[in-house]
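Step one of this worksheet: look at the structure below.
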Amino acid sequence: DIGDIIRGKDLYLGYDDEEKKQRDELESKLKKIFGDIYKDVTSSGSNGKKQALQARYNDDNGGNYYKLREDWWTANRDQVWKAITCNAGGYSYFRATCGDSGSPSMAQNQCRCDGKPKAGNGDVTIVPTYFDYVPQFLR
């Protein structure tokens, strides 16, 4: 799952040497990306803010920046979901969601369901996050 990969919590390590190599390359690229984000975040703003961010995101774990990755995912997961689903028109991609037929239908002709559900008061445009913090081996 993308959230687990970004947050550095993915259990999948690969079945063969080629997949393990690709996984290592991905992880090293994520370390570089979040290292750059760390430098940017901790170099701007007032001294008090910089010190607080440096203390929060200080990495003693080999440049992994796990806390920064977790916060980035929390702040950007909705944008990642929109990017993934924006070209999903015509596909049944998740589960019965929205439609004008009065019965459950698939969101096949649009990226996401917009607006409010016909029953209840939830927001139907949100990211399906009910698995985000369930340990991966239990999903």
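Going by this note's numbering, the first residue of the sequence shown is number 1215, and it counts up by one from there. All C-beta atoms in this analysis are idealised placements derived from N, C-alpha and C, irrespective of residue type, glycine included.
Alpha-carbon to alpha-carbon, residue j and residue i
i, j, result
"residue 1277", "residue 1299", "31 Å"
"residue 1321", "residue 1268", "With a pLDDT of only 48 at residue 1321, under the threshold of 50, the placement of this residue in the model should not be trusted, and no figure is reported."
"residue 1297", "residue 1250", "22 Å"
"residue 1233", "residue 1247", "21 Å"
"residue 1291", "residue 1260", "28 Å"
"residue 1289", "residue 1242", "22 Å"
Proximity of residue i and residue j at Cβ, strictly below 9 Å
i, j, result
"residue 1244", "residue 1222", "yes"
"residue 1215", "residue 1224", "yes"
"residue 1252", "residue 1273", "yes"
Alpha helix (DSSP H) segment containing residue i, residue limits
i, result
"residue 1218", "1216-1221"
Cβ neighbours of residue i in the same chain (closer than 6 Å, five flanking residues each side left out)
i, result
"residue 1287", "1217, 1220 and 1221"
"residue 1293", "none"
"residue 1280", "1222"
Beta-carbon contacts of residue i that lie in its chain and below 8 Å, excluding the five residues immediately before and after
i, result
"residue 1240", "1219"
"residue 1354", "The question about residue 1354 has no answer, for the chain in this structure spans 1215 to 1353."
"residue 1255", "1267, 1271 and 1282"
Close beta carbons around residue i, own chain, < 7 Å, minus the five adjacent residues each side
i, result
"residue 1226", "none"
"residue 1285", "none"
Exercise. Where are the beta strand (DSSP E) runs, 3 residues long or more, that stay fully inside the segment 1250-1291, in chain order?
Worked result: none
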